[in-house]
Amino acid sequence: MASWQWFHRLGSPKWFYEKTTRWTQVIGWLALAMLSVGIVWGLGFAPEELKQGNSYRIIYIHVPAAAVAMAGYYVMALSGAIGLIWRMKLSYMVMKCAAPIGAALTFAALFTGAVWGKPTWGDYWVWDARITSMLILFFLYLGVMALQEAYQNQEAADKTCAILSLVGMVNIPIIYKSVDWWFTLHQPATLKLTEKSSIAPEMAYPLILMIFAVYMFFAWLLLTKVRVEILHREVKTQWVKDIVMGAK
Amino acid sequence: MNPVRKQRLIVVMIIVVASSAVAALVGYAVGNMGDYFYSVSQVVKGEAPREKSIRAGGCVIPGSIKNASDKLETTFEITDGVESMTVTFDGILPDLFGEGEAAVVTGKLSDSNVLVATKVLAKHDESYTPKEVEDSVQNPNNHSKACEGMTYDS
Numbered sequence: 020m021a022s023w024q025w026f027h028r029l030g031s032p033k034w035f036y037e038k039t040t041r042w043t044q045v046i047g048w049l050a051l052a053m054l055s056v057g058i059v060w061g062l063g064f065a066p067e068e069l070k071q072g073n074s075y076r077i078i079y080i081h082v083p084a085a086a087v088a089m090a091g092y093y094v095m096a097l098s099g100a101i102g103l104i105w106r107m108k109l110s111y112m113v114m115k116c117a118a119p120i121g122a123a124l125t126f127a128a129l130f131t132g133a134v135w136g137k138p139t140w141g142d143y144w145v146w147d148a149r150i151t152s153m154l155i156l157f158f159l160y161l162g163v164m165a166l167q168e169a170y171q172n173q174e175a176a177d178k179t180c181a182i183l184s185l186v187g188m189v190n191i192p193i194i195y196k197s198v199d200w201w202f203t204l205h206q207p208a209t210l211k212l213t214e215k216s217s218i219a220p221e222m223a224y225p226l227i228l229m230i231f232a233v234y235m236f237f238a239w240l241l242l243t244k245v246r247v248e249i250l251h252r253e254v255k256t257q258w259v260k261d262i263v264m265g266a267k
Numbered sequence: 004m005n006p007v008r009k010q011r012l013i014v015v016m017i018i019v020v021a022s023s024a025v026a027a028l029v030g031y032a033v034g035n036m037g038d039y040f041y042s043v044s045q046v047v048k049g050e051a052p053r054e055k056s057i058r059a060g061g062c063v064i065p066g067s068i069k070n071a072s073d074k075l076e077t078t079f080e081i082t083d084g085v086e087s088m089t090v091t092f093d094g095i096l097p098d099l100f101g102e103g104e105a106a107v108v109t110g111k112l113s114d115s116n117v118l119v120a121t122k123v124l125a126k127h128d129e130s131y132t133p134k135e136v137e138d139s140v141q142n143p144n145n146h147s148k149a150c151e152g153m154t155y156d157s
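Sequence lines, in order, name chains Y and U. The numbering of the first sequence is the working numbering, which starts it at 20 and goes up by one. The numbering of the second sequence is the working numbering, which starts it at 4 and goes up by one.
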């Protein structure tokens, strides 16, 4: 049992709250700095694109938002799974807090995609596999948020949300591979891990920076929300009372 | 891991596997139904219905785009490398529409086998090239990847 001790300590809301106080600040400032540099670089200094002109610059918002919206779903679903298996309260809190952030990012990806689609494809919305599966992701996030509110009992809400998250997890690889499996108007992946990316380096660097920046931003938002959720759920404990009363 | 947790882990894994299987079956069923999309060859051979709106995709043949002088109407030809067909469209074309680029058209076939499009969409590929670089290289044949290696002599 000793080998699992670190894991159970991680599940202690008090321990987590104390450890993340400093980290949340560091990650927050890092996210702000990276986002500022990335936005100015991408929107202001990256070269104009040959065929699309300036409208391609939406990529610097669209791709990072979509990438983190999908990664955020794994964070939510895996937190739910850990909650189900180890009955870890903190893990359920992470799951709950990831849902609205993921929903907002998915909406951002869909919205910027629509704005980008009109001048380049000729339409705001097409029912192709990539866009439809992304819309399903948005509904899954909304579903988890709604289920959280549907129960009086927090434990029941957490368990149901965890199961929905896990069932919906199948959608993530579908979104990712949709551009390869079906004929879509949406382009296939530009940034590739295994082969040469089909984007000029001076356009790719700000994009990669923006992807990391939005990951940082997600981490900061998630930590901040989880910390609030911890205070909310542990409000009856002495250590939270001490913090609220300003004793610490 | 203690036996109770191991059991819960197995339940979680069953949920993931079962939902994946359901999604795979649904995807398979939908894949079989999605044939309202026709290749240019199928349309030319008469395999596409005439009374219904269809979708067809292909590459715009260079030199085939003709704009009417008195109205917005554009006529162009698309090909899948084997056959080609004529499309007319009365509307504003997307930025990425052009010769040698991939396009997806929606519309009905006229009696003379011309597709009267209600919608023309341009498909763009995954490559992004700066304008200045391309200007200096002076490459006139920078066409989307879907249309790369396409011969237009049919």
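A virtual CB, placed ideally from N, CA and C, is assigned to each residue, including glycine.
**Request:** Please list, in chain order, all residues of the same chain as serine 115(U) whose beta carbon is under 7 Å from its beta carbon, the five residues on each side excluded.
**Result:** Counted from its first residue, the second sequence places residue 115(U) at position 112. Within the same chain, serine 115(U) has no close Cβ partners at all.
**Request:** Take every Cβ of the stretch 116-131 of chain Y, pair it with every Cβ of the stretch 190-204 of chain Y, and state whether three or more of those distances are shorter than 8 Å.
**Result:** no
**Request:** Report yes or no: is there a C-beta of chain U within less than 8 Å of the C-beta of aspartate 177(Y)?
**Result:** By 1-based counting over the first sequence, the position of residue 177(Y) is 158. Put simply, the CB of aspartate 177(Y) is far from chain U, with every gap to its CB atoms at 8 Å or more.
**Sub-8 Å separation of serine 217(Y) and serine 130(U) beta-carbons** = Counted from its first residue, the first sequence places residue 217(Y) at position 198. Counted from its first residue, the second sequence places residue 130(U) at position 127. The answer is yes: Cβ separation under 8 Å.
**Request:** Taking serine 72(U) and glutamate 80(U) to be in contact with their CB atoms under 8 Å, please state how far apart those CB atoms are, rounded to whole angstroms.
**Result:** As a position in the second sequence, residue 72(U) is number 69, starting the count at 1. As a position in the second sequence, residue 80(U) is number 77, starting the count at 1. Serine 72(U) to glutamate 80(U), Cβ: 19 Å. No contact.
**Item:** Continuous alpha helix (DSSP H) assignments of at least 4 residues falling wholly in the stretch 164-231 of chain Y
**Value:** Listed in chain order, they are 173-187, 190-200.
**Request:** Give, in chain order, every unbroken run of the alpha helix (DSSP H) that is at least 4 residues long and sits entirely within the stretch 77-120 of chain Y.
**Result:** 78-105
**Request:** Give a yes or no on whether 8 Å exceeds the smallest Cβ distance from isoleucine 18(U) to chain Y.
**Result:** For the purposes of this step, residue 18(U) is taken as the residue at position 15 of the second sequence. At least one chain Y Cβ lies under 8 Å of isoleucine 18(U).
**Message:** Which residues in chain U have a C-beta closer than 8 Å to the C-beta of valine 188(Y)? List them in chain order.
**Reply:** Taking the first sequence and counting its residues from 1, one reaches residue 188(Y) at position 169. At residue 188(Y) the sequence reads methionine, which differs from the valine that was named. Result: Val19, Ser22.
**Message:** For a quick check, are the C-beta atoms of cysteine 150(U) and glycine 101(U) less than 8 Å apart?
**Reply:** The residue labelled residue 150(U) in the question sits at position 147 within the second sequence. The residue labelled residue 101(U) in the question sits at position 98 within the second sequence. Against a cut-off of 8 Å, the Cβ pair of glycine 101(U) and cysteine 150(U) comes out as no contact.
**Message:** Give me the residue from Ala238(Y), Ala169(Y), Phe130(Y) with the minimum Cα distance to isoleucine 46(Y).
**Reply:** Here residue 46(Y) refers to the residue found at position 27 when the first sequence is read from its first residue. The candidate whose alpha carbon is nearest that of isoleucine 46(Y) is Ala238(Y).
**Prompt:** How would you write the range of the alpha helix (DSSP H) that valine 131(U) sits in, first residue to last?
**Reply:** For the purposes of this step, residue 131(U) is taken as residue 128 along the second sequence, with counting starting at 1. In the sequence under discussion, the amino acid at residue 131(U) is tyrosine, which differs from the valine named in the question. Premise fails: tyrosine 131(U) is in no alpha helix (DSSP H) and is neither H nor E.
**Asked** How would you list, in chain order, the residues of chain Y whose beta-carbon sits under 7 Å from the beta-carbon of arginine 8(U)?
**Response** Position 5 of the second sequence, counting from 1, holds the residue named residue 8(U). Neighbours of arginine 8(U) on chain Y, chain order: Ile104, Trp105.
**Request:** Mind checking which residues open and close the alpha helix (DSSP H) that includes alanine 50(Y)?
**Result:** In the first sequence, residue 50(Y) corresponds to position 31, counting from 1. Residues 32-59.
**Request:** Report the rounded CA-to-CA distance for tryptophan 258(Y) versus lysine 38(Y), giving the unit in angstroms.
**Result:** Counting from 1 along the first sequence, the entry for residue 258(Y) is found at position 239. Counting from 1 along the first sequence, the entry for residue 38(Y) is found at position 19. Rounded to the nearest angstrom, the two C-alpha atoms are 14 Å apart.
**Asked** Beta carbon of leucine 212(Y), beta carbon of tyrosine 79(Y): below 8 Å?
**Response** Walking along the first sequence from the start, residue 212(Y) turns up at place 193. Walking along the first sequence from the start, residue 79(Y) turns up at place 60. Not closer than 8 Å, so no.
**Message:** For a cutoff of 8 Å on Cβ pairs, would you count isoleucine 194(Y) as touching chain U?
**Reply:** Counted from its first residue, the first sequence places residue 194(Y) at position 175. No, no contact with chain U.
**Request:** Find out if the Cβ-Cβ distance for the pair threonine 125(Y), alanine 88(Y) is shorter than 8 Å.
**Result:** For the purposes of this step, residue 125(Y) is taken as residue 106 along the first sequence, with counting starting at 1. For the purposes of this step, residue 88(Y) is taken as residue 69 along the first sequence, with counting starting at 1. Yes. Within cutoff.
**Message:** Along the chain, where does the alpha helix (DSSP H) containing leucine 29(Y) start, and where does it finish?
**Reply:** Working through the first sequence from its first residue, we reach residue 29(Y) at position 10. Element bounds for leucine 29(Y): 24-29.
**Message:** What does DSSP give as the partner residue(s) for aspartate 93(U) in the beta ladder?
**Reply:** Stepping through the second sequence from its first residue, residue 93(U) is reached at position 90. Note: aspartate 93(U) sits in a beta bridge opposite Glu76(U).
**Prompt:** Hey, does phenylalanine 92(U) have any beta-carbon neighbour from chain Y nearer than 8 Å?
**Reply:** Start at 1 with the first residue of the second sequence, and residue 92(U) comes out as number 89. No, phenylalanine 92(U) lies away from the interface with chain Y (no Cβ there is under 8 Å from its Cβ).
**Message:** In whole angstroms, give me the CA-to-CA distance for leucine 166(Y) and methionine 153(Y).
**Reply:** The count along the first sequence starts at 1 and reaches residue 166(Y) at position 147. The count along the first sequence starts at 1 and reaches residue 153(Y) at position 134. Taking the straight line from one Cα to the other gives about 20 Å.
**Request:** With DSSP as the reference, please indicate the residues paired to cysteine 62(U) in a beta bridge.
**Result:** The residue labelled residue 62(U) in the question sits at position 59 within the second sequence. In the DSSP output, where bridge partners are listed per residue, cysteine 62(U) has Thr82(U), Ala105(U).
**Asked** beta strand (DSSP E) containing serine 42(U): first to last residue?
**Response** The residue labelled residue 42(U) in the question sits at position 39 within the second sequence. First-last of the beta strand (DSSP E) with serine 42(U): 40-42.
**Beta-carbon contacts of proline 207(Y) that lie in its chain and below 8 Å, excluding the five residues immediately before and after** = Translated into the one-based positions of the first sequence, residue 207(Y) becomes position 188. Val198, Asp199, listed in sequence order.
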